[in-house]
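Just so you know, this note's numbering puts 0 at position 10 of the sequence shown, and the rest follows in order with no gaps.
C-beta atoms are modelled at their ideal positions from N, C-alpha and C, and glycine is treated no differently.
One structure is given below, encoded as C-alpha coordinates.
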Amino acid sequence: MSDTRLSPWRHLPNAISLLRMALVLPVAWAILVQQPRMALGLIAIAGVSDGLDGFVARRYGWQSRLGGILDALADKMLLVACFLLLAWVGLTPWWLALLVCGRDVVIVAGALAWRLLIGPIRPEPSLLSKACTLIQIVYLLDVLVAASAWPALPQSPLEIATALLCIASGIHYVLRWSIKAWAIKHPSSGDVPR
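Written out as C-alpha coordinates, the structure reads:
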(Lines of atoms letter the chains of each structure in order from A and count residues from 1; the text may use other names and numbers.)
(Lines give C-alpha, C1' and ligand atoms only; values in the text may rest on other atoms or scores of the structure.)
Protein backbone atom coordinates (compact mmCIF):
# COMPACT_ATOMS: atom_id res chain seq x y z
CA MET A 1 0.00 0.00 0.00
CA SER A 2 1.48 3.36 -1.03
CA ASP A 3 1.84 6.29 1.32
CA THR A 4 -0.75 8.93 0.35
CA ARG A 5 1.57 11.65 1.67
CA LEU A 6 3.78 10.98 -1.39
CA SER A 7 0.88 11.32 -3.82
CA PRO A 8 1.06 14.11 -6.39
CA TRP A 9 -2.37 15.12 -5.05
CA ARG A 10 -0.86 16.01 -1.64
CA HIS A 11 -0.67 19.67 -2.72
CA LEU A 12 -4.41 19.82 -3.45
CA PRO A 13 -5.33 21.48 -0.09
CA ASN A 14 -2.72 24.19 -0.70
CA ALA A 15 -4.02 24.71 -4.24
CA ILE A 16 -7.56 25.12 -2.87
CA SER A 17 -6.29 27.72 -0.37
CA LEU A 18 -4.56 29.59 -3.21
CA LEU A 19 -7.79 29.56 -5.22
CA ARG A 20 -9.58 30.99 -2.18
CA MET A 21 -7.01 33.80 -2.12
CA ALA A 22 -7.76 34.42 -5.80
CA LEU A 23 -11.45 34.84 -4.90
CA VAL A 24 -10.60 37.94 -2.84
CA LEU A 25 -10.41 40.12 -5.97
CA PRO A 26 -13.81 39.15 -7.41
CA VAL A 27 -15.41 39.51 -3.96
CA ALA A 28 -13.81 42.96 -3.61
CA TRP A 29 -15.05 43.96 -7.06
CA ALA A 30 -18.59 42.76 -6.27
CA ILE A 31 -18.64 44.85 -3.09
CA LEU A 32 -17.22 47.94 -4.82
CA VAL A 33 -19.80 47.82 -7.63
CA GLN A 34 -22.48 47.17 -5.00
CA GLN A 35 -23.47 43.69 -6.10
CA PRO A 36 -24.01 42.13 -2.65
CA ARG A 37 -25.70 38.99 -3.99
CA MET A 38 -22.70 38.25 -6.20
CA ALA A 39 -20.40 38.88 -3.23
CA LEU A 40 -22.48 36.46 -1.14
CA GLY A 41 -22.24 33.78 -3.84
CA LEU A 42 -18.48 34.16 -4.09
CA ILE A 43 -18.10 34.11 -0.30
CA ALA A 44 -20.20 30.92 -0.23
CA ILE A 45 -17.75 29.33 -2.70
CA ALA A 46 -14.85 30.50 -0.50
CA GLY A 47 -16.56 28.99 2.55
CA VAL A 48 -17.04 25.63 0.84
CA SER A 49 -13.42 25.65 -0.31
CA ASP A 50 -12.29 26.45 3.25
CA GLY A 51 -14.08 23.38 4.56
CA LEU A 52 -12.92 21.26 1.63
CA ASP A 53 -9.20 21.97 1.93
CA GLY A 54 -9.26 21.20 5.66
CA PHE A 55 -11.22 17.99 5.14
CA VAL A 56 -8.96 16.75 2.34
CA ALA A 57 -5.79 17.61 4.29
CA ARG A 58 -7.00 15.75 7.41
CA ARG A 59 -8.55 12.83 5.54
CA TYR A 60 -5.40 11.97 3.60
CA GLY A 61 -2.77 13.21 6.06
CA TRP A 62 -1.70 16.02 3.74
CA GLN A 63 -1.42 18.66 6.47
CA SER A 64 1.65 20.84 6.28
CA ARG A 65 2.99 23.97 7.92
CA LEU A 66 2.67 25.80 4.59
CA GLY A 67 -0.92 24.60 4.28
CA GLY A 68 -1.79 25.96 7.72
CA ILE A 69 -0.26 29.32 6.85
CA LEU A 70 -1.99 29.51 3.43
CA ASP A 71 -5.35 28.54 4.93
CA ALA A 72 -5.15 31.20 7.65
CA LEU A 73 -3.84 33.81 5.21
CA ALA A 74 -6.66 33.16 2.73
CA ASP A 75 -9.24 33.59 5.50
CA LYS A 76 -7.63 36.79 6.79
CA MET A 77 -7.29 38.30 3.30
CA LEU A 78 -10.98 37.72 2.61
CA LEU A 79 -12.18 39.06 5.97
CA VAL A 80 -9.96 42.15 5.92
CA ALA A 81 -10.87 42.96 2.30
CA CYS A 82 -14.58 42.61 3.07
CA PHE A 83 -14.46 44.79 6.19
CA LEU A 84 -12.43 47.55 4.51
CA LEU A 85 -14.50 47.60 1.32
CA LEU A 86 -17.83 47.42 3.10
CA ALA A 87 -16.68 50.43 5.15
CA TRP A 88 -15.58 52.15 1.90
CA VAL A 89 -19.05 51.78 0.36
CA GLY A 90 -20.73 52.82 3.62
CA LEU A 91 -22.27 49.50 4.62
CA THR A 92 -20.27 49.06 7.82
CA PRO A 93 -18.70 51.63 10.16
CA TRP A 94 -15.03 52.53 9.70
CA TRP A 95 -14.29 52.16 13.40
CA LEU A 96 -15.26 48.49 13.26
CA ALA A 97 -13.27 47.80 10.08
CA LEU A 98 -10.20 49.44 11.62
CA LEU A 99 -10.66 47.52 14.87
CA VAL A 100 -10.81 44.19 13.01
CA CYS A 101 -7.74 45.09 10.93
CA GLY A 102 -5.90 46.46 13.97
CA ARG A 103 -6.36 43.17 15.83
CA ASP A 104 -4.87 41.29 12.89
CA VAL A 105 -1.94 43.72 12.69
CA VAL A 106 -1.22 43.16 16.41
CA ILE A 107 -1.33 39.38 15.96
CA VAL A 108 0.93 39.43 12.88
CA ALA A 109 3.38 41.82 14.59
CA GLY A 110 3.45 39.52 17.62
CA ALA A 111 4.08 36.48 15.44
CA LEU A 112 6.95 38.25 13.66
CA ALA A 113 8.45 39.34 16.99
CA TRP A 114 8.19 35.76 18.28
CA ARG A 115 9.89 34.45 15.15
CA LEU A 116 12.73 36.97 15.46
CA LEU A 117 13.23 36.77 19.24
CA ILE A 118 12.22 33.22 20.15
CA GLY A 119 12.13 31.00 17.05
CA PRO A 120 9.61 29.15 14.87
CA ILE A 121 5.99 29.62 15.86
CA ARG A 122 3.19 27.09 15.64
CA PRO A 123 -0.17 28.83 15.22
CA GLU A 124 -2.56 27.77 17.99
CA PRO A 125 -5.93 29.49 17.52
CA SER A 126 -7.82 29.67 20.81
CA LEU A 127 -11.54 29.17 21.23
CA LEU A 128 -11.84 32.93 21.74
CA SER A 129 -10.05 33.54 18.43
CA LYS A 130 -12.31 31.06 16.65
CA ALA A 131 -15.37 32.74 18.17
CA CYS A 132 -14.03 36.12 16.98
CA THR A 133 -13.60 34.83 13.42
CA LEU A 134 -17.07 33.26 13.50
CA ILE A 135 -18.79 36.47 14.64
CA GLN A 136 -16.90 38.44 11.98
CA ILE A 137 -18.18 36.06 9.30
CA VAL A 138 -21.75 36.17 10.64
CA TYR A 139 -21.63 39.98 10.74
CA LEU A 140 -20.27 40.31 7.19
CA LEU A 141 -22.83 37.87 5.81
CA ASP A 142 -25.61 39.74 7.63
CA VAL A 143 -24.45 43.07 6.15
CA LEU A 144 -24.45 41.59 2.65
CA VAL A 145 -27.83 39.89 3.19
CA ALA A 146 -29.32 43.22 4.32
CA ALA A 147 -27.73 44.99 1.31
CA SER A 148 -29.37 42.37 -0.91
CA ALA A 149 -32.77 43.49 0.45
CA TRP A 150 -33.30 40.14 2.16
CA PRO A 151 -34.40 39.70 5.78
CA ALA A 152 -31.38 40.11 8.07
CA LEU A 153 -30.52 40.18 11.75
CA PRO A 154 -30.29 43.51 13.59
CA GLN A 155 -26.79 44.81 12.87
CA SER A 156 -26.10 46.89 15.99
CA PRO A 157 -25.88 43.88 18.37
CA LEU A 158 -23.67 42.07 15.85
CA GLU A 159 -21.42 45.14 15.56
CA ILE A 160 -21.04 45.30 19.34
CA ALA A 161 -20.40 41.55 19.64
CA THR A 162 -17.82 41.71 16.83
CA ALA A 163 -16.04 44.64 18.46
CA LEU A 164 -16.01 43.08 21.93
CA LEU A 165 -14.71 39.73 20.66
CA CYS A 166 -12.01 41.48 18.60
CA ILE A 167 -10.81 43.38 21.66
CA ALA A 168 -10.99 40.35 23.97
CA SER A 169 -9.28 38.08 21.45
CA GLY A 170 -6.51 40.61 20.76
CA ILE A 171 -5.80 41.08 24.47
CA HIS A 172 -5.90 37.31 24.99
CA TYR A 173 -3.34 36.75 22.20
CA VAL A 174 -0.97 39.37 23.62
CA LEU A 175 -1.19 38.02 27.19
CA ARG A 176 -1.00 34.35 26.19
CA TRP A 177 2.04 34.69 23.96
CA SER A 178 3.77 37.16 26.30
CA ILE A 179 3.51 34.63 29.14
CA LYS A 180 4.84 31.85 26.86
CA ALA A 181 7.73 34.06 25.76
CA TRP A 182 8.53 34.93 29.39
CA ALA A 183 8.53 31.23 30.35
CA ILE A 184 10.91 30.39 27.47
CA LYS A 185 13.27 33.30 28.15
CA HIS A 186 13.24 32.80 31.95
CA PRO A 187 12.91 29.01 32.44
CA SER A 188 14.56 28.95 35.85
CA SER A 189 12.58 31.76 37.45
CA GLY A 190 9.35 29.78 37.59
CA ASP A 191 7.49 33.07 37.84
CA VAL A 192 5.24 34.69 35.33
CA PRO A 193 5.29 38.46 34.99
CA ARG A 194 2.66 40.25 37.03
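Would you report the Cα separation of residue i and residue j, rounded to the nearest angstrom?
i: L143; j: V38; result: 23 Å
i: L130; j: A12; result: 19 Å
i: A20; j: L88; result: 21 Å
i: K66; j: L60; result: 10 Å
i: G80; j: L22; result: 10 Å
i: W167; j: R49; result: 30 Å
i: G100; j: A158; result: 16 Å
Would residue i be called buried (16 or more neighbouring beta carbons within 10 Å of its own) or exposed?
i: S146; result: exposed
i: G57; result: buried
i: Q24; result: exposed
i: V17; result: buried
i: S(-3); result: exposed
i: W52; result: buried
i: E114; result: exposed
i: M(-9); result: Below a pLDDT of 50, predicted positions are generally treated as unreliable, and M(-9), at 43, falls in that range; the measurement from the model is reported next regardless. Exposed.
List the whole-angstrom C-beta distance separating residue i from residue j, where the pair is believed to meet the contact cut-off of C-beta under 8 Å.
i: V98; j: F73; result: Contact flag wrong, Cβ pair sits at about 15 Å.
i: R105; j: A64; result: That belief does not hold up - the Cβ atoms of R105 and A64 are roughly 20 Å apart, past 8 Å.
Assign residue i to one of three DSSP states: helix, strand, or coil.
i: L155; result: helix
i: M(-9); result: With a pLDDT of 43 at M(-9), under the threshold of 50, the modelled position of this residue cannot be trusted, and the question is left open.
i: V1; result: This sequence places His at residue 1; Val is not what is there. In this structure, H1 counts as helix in the three-state DSSP scheme.
i: L76; result: helix
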